[in-house]
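Each residue of the sequence shown is one higher than the one before, counting from 1 in UniProt numbering.
For every residue, glycine included, the Cβ atom is placed at its ideal position computed from N, Cα and C.
From a predicted model like this one, the values you see are computed outputs, not experimental measurements.
Single-structure report; data block below.
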Amino acid sequence: MLENLLQWLSVDLLLGLSLLAFYLLGWACAVHALSSARTAQGTVAWLVSLVSFPFFAVPAYLVFGRNRFAGRVHAFEARADDIEQLLRTCDDALAPFSLTGADSPGWYRAVAQLSRSHLVSGNSAQLLINGQATFASILSGIARAEQYVLVQFYMIHDDLLGRELRDCLIERANAGVSVNLLYDEIGSWGLSDSFLTPLHEAGVNVSGFKPEQGRRNRFQINFRNHRKMVVVDGHTGWLGGLNVGDEYMDRVPALSPWRDTHMRLEGPVVLQLQSVMLLDWYWATRQLPALNWQPRPAGDLPAMILATGPTGPLEAASLYFVSAFSAARERIWLTAPYFVPDEAVMKALQLAALRGVDVRILTTGKPDSWLVHLAAYHYFYALKDVNVTLMASREGFMHQKVCLIDDRATVVGSHNMDNRSFRLNFEVAVIVDDPALARETEAMLAEDFANAEQLQPRDWDARPLWWWAAVRLARLLSPVL
Numbered sequence: 001m002l003e004n005l006l007q008w009l010s011v012d013l014l015l016g017l018s019l020l021a022f023y024l025l026g027w028a029c030a031v032h033a034l035s036s037a038r039t040a041q042g043t044v045a046w047l048v049s050l051v052s053f054p055f056f057a058v059p060a061y062l063v064f065g066r067n068r069f070a071g072r073v074h075a076f077e078a079r080a081d082d083i084e085q086l087l088r089t090c091d092d093a094l095a096p097f098s099l100t101g102a103d104s105p106g107w108y109r110a111v112a113q114l115s116r117s118h119l120v121s122g123n124s125a126q127l128l129i130n131g132q133a134t135f136a137s138i139l140s141g142i143a144r145a146e147q148y149v150l151v152q153f154y155m156i157h158d159d160l161l162g163r164e165l166r167d168c169l170i171e172r173a174n175a176g177v178s179v180n181l182l183y184d185e186i187g188s189w190g191l192s193d194s195f196l197t198p199l200h201e202a203g204v205n206v207s208g209f210k211p212e213q214g215r216r217n218r219f220q221i222n223f224r225n226h227r228k229m230v231v232v233d234g235h236t237g238w239l240g241g242l243n244v245g246d247e248y249m250d251r252v253p254a255l256s257p258w259r260d261t262h263m264r265l266e267g268p269v270v271l272q273l274q275s276v277m278l279l280d281w282y283w284a285t286r287q288l289p290a291l292n293w294q295p296r297p298a299g300d301l302p303a304m305i306l307a308t309g310p311t312g313p314l315e316a317a318s319l320y321f322v323s324a325f326s327a328a329r330e331r332i333w334l335t336a337p338y339f340v341p342d343e344a345v346m347k348a349l350q351l352a353a354l355r356g357v358d359v360r361i362l363t364t365g366k367p368d369s370w371l372v373h374l375a376a377y378h379y380f381y382a383l384k385d386v387n388v389t390l391m392a393s394r395e396g397f398m399h400q401k402v403c404l405i406d407d408r409a410t411v412v413g414s415h416n417m418d419n420r421s422f423r424l425n426f427e428v429a430v431i432v433d434d435p436a437l438a439r440e441t442e443a444m445l446a447e448d449f450a451n452a453e454q455l456q457p458r459d460w461d462a463r464p465l466w467w468w469a470a471v472r473l474a475r476l477l478s479p480v481l
């Protein structure tokens, strides 16, 4: 009987200590949230849940509560001098092409401050519409590489397109070209050893981007590298919305036709893109490979790279959209497969429409996530009184991330209009300041609009209560979507 009593006391003591530990952790996390959460609503939500329900809230906070990737910041501090020297080398090489005068639009100067970038001349840019054109261009460019190839994608599948890319990289590695391949370990979840082993055997440098590396970063799995970039020999680059998978080539019927856009670049701006890839590679491998930093002009277009991520004190992606939308005088044409913007971006769009700017937003009509799709209806409904044209694609999945500002600026990249792209993901885009390219982008988007149906938010008032309840619930979850 005494033995049973002692056993009961030990179990009871263990349970009590566990409860105490969780409550203490809850209070500790609440103090952290109080000092680090970026919105009042987020702070209150975390405080209430961490103090009231620590058993559920503490694990959730450790994964989702952080919005600044401190682990990457500390890793860069270890070789700050070397990294700064490389960035200065890039800046010095681009100095003769720099366009930083008073003639540059104000929002370009704001972007320059947000991402250590600036407008440079001497570039050419080509819109690549959909998967066939994009990967024909990328694979052809890789096949002509003479010195090195840098390849980075959020998502790589072991399928027909993935193996085609892999074989192309192996061929270049066998020819003596240095090849680096970086993929996001969450986005490329399930990428097998059978896919990666031939790359290793051919001498391709392969690494996964995993934010949880290191003891202090073990819970930071919510940060992802969403960039899709390729650079060949420091002279040619590609970036945009396409990952590596058969769905991007219209080989997955459920999502076909897949609508997406990439851009091919030549000229000094490629060095800006290369510097972004170099820093990502350093985080993944702690290596800084030797690269070409001699710019080669290829045209006369001004362009700049915008790289954003959860490492700085400012929410660069959100501020970029606010700055661009606030500067628009004639039009904002935007494609966004996921439309879950923050309050600042919403107000910038509303104000632009009230100024008489032609604001058009195209989203996908066939979602790959019903929760995100439902949340978008809340934000579309909030635009019903400000003369914004809202559209949804009629067929397939619309995944492109393109923005046309006035008759001048074309933006193509990986940014979605959601909290994840604004605050949690590493993203990249190119801004090209050219009226001729703007006209080409206008024609491309006009065709997309012609193949879309117009949304009528005013008609949604008649929808059933259960639908509105689902929309509002999805909207509450939008900060973590």
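- Beta-bridge partners assigned by DSSP to C403: L334, V411.
- In this structure, DSSP gives Q274 a helical state, which the three-state scheme calls helix.
- Counting the other Cβ atoms within 10 Å of the Cβ of T100 gives fewer than 16, which makes it exposed.
- Inclusion of S188 and M155 in the CB contact set at 8 angstroms is warranted, their separation being smaller than that value.
- For M263, the uninterrupted beta strand (DSSP E) segment begins and ends at 261–266.
- When secondary structure is reduced to three states using DSSP, V204 falls in the coil class, being assigned neither helix nor strand.
- Listed in chain order, the non-local C-beta contacts of A470 below 7 angstroms within the same chain comprise L374, local neighbours out to five positions each way being set aside.
- Using a C-beta cut-off of 8 angstroms, the stretch 116–129 makes no contact with the stretch 316–333, since fewer than three inter-stretch Cβ pairs fall below that distance.
- Closest in C-alpha terms to L437, from the list R227, A93, D280, L301, comes L301.
- Annotation: C90 to L265 spans about 17 angstroms, alpha carbon to alpha carbon.
- Ranking V270, V276, H262 by CA distance to the CA of L182 puts V276 first.
- For L150, the uninterrupted beta strand (DSSP E) run begins and ends at 148–153, by DSSP.
- Taking C-beta atoms as the reference points, V204 and Q274 fail to come closer than 8 angstroms.
- Residue burial annotation: L160 is exposed, with fewer than 16 other C-beta atoms found within 10 angstroms of its C-beta.
- In the DSSP assignment, M444 falls within the unbroken alpha helix (DSSP H) covering 435–450.
- Note that the stretch 252–272 touches the stretch 392–405; at least 3 beta-carbon pairs, one per stretch, sit closer than 8 angstroms.
- The DSSP assignment places complete beta strand (DSSP E) segments of no fewer than 3 residues inside the stretch 326–372 at 331–335, 358–363, in order along the chain.
- Ranking E146, A173, L139, G176 by CA distance to the CA of L165 puts L139 first.
- Approximately 13 angstroms separates the beta-carbon atoms of E343 and R423; this is outside 8 angstroms, ruling out the contact.
- V388 places its beta carbon 8 angstroms or farther from that of V432.
- A residue is called buried once 16 or more other Cβ atoms fall within 10 Å of its Cβ, and W466, having fewer, is exposed.
- Look at P96 here: in three-state DSSP terms it is helix.
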